[in-house]
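Per numbering that gives the first Met the number 0, numbering of the sequence shown is gapless, rising by one per residue and ending at 313. Beta carbons are placed, not taken as given, at the ideal position from N, Cα and C, and that holds for glycine.
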Amino acid sequence: MLYDVHTHAIPPQVMRWLQDNHHKVNAQWKKKDPLKAEFLSVNGKWEFELKEVFTNQELYLQEQAKAGISFSLVSAIPQLFLYECEPELTKELASVYNDGLIDWSGQNPERLSALATLPLNDPSAAALELERVMKCGAKGAIVASSWAGRGLTESDLTPMWEVANAYSAIIFVHPLLCEDQRLRKTMMANLIGVPWETTICATDLLLSGIMERYPKVKVLLAHGGGFFPYQIGRIQTGYEKWTAVSSNITESPRQALCKFWYDSVLWNADSLQYLVELVGRDRVVPGTDYPFDLCEWPPAHVGSDGFRSLMNNN
Ligand SMILES: [Zn+2]
């Protein structure tokens, strides 16, 4: 059986909202290449080709079936997290987006479930929205690994973690483009900046003690966890040498590594094999990042143990 826990879609309600509010969020559609769909940019950031399959739900389900995928966990696109907007606007779009994904998955419960987007720029609203969507059937939320220099371990996000723990929610950590100026050339902000952002977030979640404090939350890391699994030896050695590293945690980083879930979006069989051997088959879940340009479609075959353990009690 093939599954996909990392894929994105844009419900029609969201496209209507974007058209109605295009001035407020600076949404721009541009035809750049006669052979491609229009490109969409929001707030001048991270332009992408708005392929028909992002917005055509019937087409999405046809492509899902063609790829042999029996079930997908569908998320919002990171370009529409809108954390940099006024919180009222972010909240409004999050609720429109989440209702759209929940409706769609509710109509196709054998084939789809939803991960919600949260207004992290208003942490109390993020906790409330997570609680609301969990009651409506979502499996958890997709959140950025950081934004505007803030990570997921900021103390004002405690209510969100508490709700996630109470509902055994999936928190899918999905990076935004890295804004390090050195990465502006040759798509490096995406190629290596994106996995670097995940690496920072995962290390911070581990060393801050958040993972131990909220053990029922299922933290899923995008793109195989970035560079985090590969550097676990360094983090482990620091933990053994320095109290500044070990003071917030009781489990070693090497043990805690196996408390996360990792998607399989690595485009390389040797890297994926290394990940599976390091963290265990039950912690690696099939994903694609479909339909973005760098998707791995259909997903790599990594078995169903990871998918089952991620979806358990959910
Ligand atoms: Zn993605």
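Bounding residues of the alpha helix (DSSP H) (the contiguous stretch that carries residue i)
i, result
"A165", "157–165"
"T236", "231–240"
"T54", "51–54"
"A113", "That residue, A113, is in no alpha helix (DSSP H); its beta strand (DSSP E) goes 111–116."
"N18", "The sequence given here places Gln at residue 18; Asn does not occur at that position. That run of the alpha helix (DSSP H) goes 11–19."
"V193", "192–207"
"L88", "86–106"
"S123", "122–134"
Paired residues, beta bridge with residue i - DSSP
i, result
"I141", "T116, F171"
"I68", "L1"
"S40", "Q27"
"H7", "S74"
"F47", "L39"
"R149", "W146"
Contact test: residue i Cβ vs ligand 1 heavy atom, cutoff 8 Å
i, result
"H7", "yes"
"P77", "yes"
"S145", "no"
"D304", "no"
"D288", "yes"
"S104", "no"
"F291", "yes"
"S71", "no"
"A201", "no"
"A221", "yes"
"S263", "no"
"H22", "no"
"S245", "no"
"S251", "no"
"H300", "no"
"S74", "yes"
Where the beta strand (DSSP E) containing residue i begins and where it ends
i, result
"L220", "217–220"
What are the complete alpha helix (DSSP H) segments, minimum 4 residues, inside the region 231–309? Fully enclosed alpha helix (DSSP H) runs of 4 or longer: 231–240, 242–245, 252–255, 268–278.
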